[in-house]
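Asker: In the UniProt record's numbering, the protein residues as written are 1 to 203.
A virtual CB, placed ideally from N, CA and C, is assigned to each residue, including glycine.
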Amino acid sequence: MHSSMKYILAITTTFALTQSQAELVQSSSLNNDNDNSRLAARVLNKDAQSFNSHFSNLNSLSITESSGDKIRRETIAAKIEIPANEPSVIDKLNNVASNTVRQFSQTGVASWYGRQFHGRKTANGETFDMNALTAAHRSLPLNCYIRVTNKNNGKSVVVKVNDRGPFHGNRVVDLSYGAAKQLGITNAGTAKVSIERVAGPNS
């Protein structure tokens, strides 16, 4: 019975080593057991080494963390640093778009509109004047200028795009009455034309 009790106490104490080193030191059941004392010493030594190793790692980690913000900031800055004179991606895209629009050319049928729309608001907010040199286009930037050439007689006129249209048929541009008159298409109503983007008066 005494031997069994010692065995149970030894198991309990060995288990306690992993829970608390203080409990092992204070246990009186191993004081007279040389084998278990040596076992306890080995376990304590191993735990101490492990603790020291973890403590060293934690200390190293805390040192790294203390300057971590600075390291992260420097790393991020190095990755995203852009030379002062280097244009951004948005600037490059805008340049491509602008160059594409400047080089715009198109061929198709032109029509014209006049008295029925005279005095109405155009897409850019201006009041439509049937006698002014303006035009409506589906996609060109408002307030840009285009040269429209009548391919039947070679006549040309420069007009300001201030409206949207035409929205029916296969027509590519809708001219004001004044512009259509200069091209000589008011009687026919339509004509085959070529369109090219040109610089405005303020360009």
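Would you mind sorting V173 into buried or exposed? The rule is 16 or more other CB atoms within 10 Å of its CB.
Answerer: With 16 or more Cβ atoms within 10 Å of its Cβ, V173 is classed as buried.
Asker: Measure how close the beta-carbons of V193 and G108 come, nearest whole angstrom, since I'm counting them as under 8 angstroms.
Answerer: V193 to G108, Cβ: 7 angstroms. Contact.
Asker: Mind checking Q26: buried by the 16 CB within 10 Å criterion, or exposed?
Answerer: Note that Q26 scores a pLDDT of 47, beneath 50, so its modelled location is shaky; the value from the coordinates is reported in the next line. So Q26 counts as exposed.
Asker: Any chance you could list the alpha helix (DSSP H) runs of at least 4 consecutive residues sitting entirely within the UniProt domain "RlpA-like protein double-psi beta-barrel" (106-194), in chain order?
Answerer: Fully enclosed alpha helix (DSSP H) runs of 4 or longer: 177-183.
Asker: Leaving out five residues on either side along the sequence, give the residues of the same chain with a beta carbon under 6 angstroms from the beta carbon of L175.
Answerer: Excluding sequence neighbours, L175 sits near A110, W112 and A135.
Asker: Touch check for the segment 112-124 and the segment 134-151: three-plus C-beta pairs under 8 angstroms?
Answerer: The answer is yes - the segment 134-151 touches the segment 112-124, with three or more Cβ pairs under 8 angstroms.
Asker: Based on DSSP bridge pairs, tell me the residues matched to V198.
Answerer: In DSSP, V198 forms a bridge with Y145.
Asker: Could you give the C-beta distance for L133 and V158, rounded to a whole number, given that I count them as a contact under 8 angstroms?
Answerer: That belief holds up - the Cβ atoms of L133 and V158 are roughly 7 angstroms apart, short of 8 angstroms.
Asker: Taking Cβ positions, are I185 and I146 nearer each other than 8 angstroms?
Answerer: Not in contact: I185 and I146 (Cβ atoms no closer than 8 angstroms).
Asker: Can you tell me the Cβ-Cβ gap for G178 and N131, rounded? I've got them flagged as a contact below 8 angstroms.
Answerer: The pair is a contact, with the Cβ atoms about 4 angstroms apart (cut-off 8 angstroms).
Asker: Compare the C-alpha of R138 against each of H118, D163, K92 and S156 and name the closest.
Answerer: Per the Cα distances, D163.
Asker: How would you label V89, buried or exposed, when you count the other beta carbons within 10 angstroms and need 16 or more for buried?
Answerer: Exposed is the call here.
Asker: By a C-beta neighbour count over all protein chains shown, 10 Å radius and 16 as the cutoff for buried, is P166 buried or exposed?
Answerer: That one is buried.
Asker: Suppose the cutoff is 7 angstroms on Cβ atoms and the five residues either side in sequence are ignored; what does the same chain contact list for N150 look like?
Answerer: Answer for N150: L183, G184, I185, A191 and V193, listed in chain order.
Asker: Which residue from N187, A188, K155 and R171 puts its Cα closest to that of Q106?
Answerer: Closest by alpha carbon: R171.
Asker: When the cut-off is 8 angstroms and only beta carbons count, does N124 lie next to chain C?
Answerer: No chain C appears in this structure, which consists of one protein chain only.
Asker: Applying the 10 Å Cβ sphere with the 16-neighbour rule, what's the burial state of T64?
Answerer: Confidence is the limiting factor: at T64 the pLDDT is only 49, short of 50, which leaves the residue's position unreliable and the question unanswerable from this model.
Asker: Determine the contact status of F128 and R115, defining contact as a CB-CB distance below 8 angstroms.
Answerer: No, the Cβ-Cβ distance between F128 and R115 is not below 8 angstroms.
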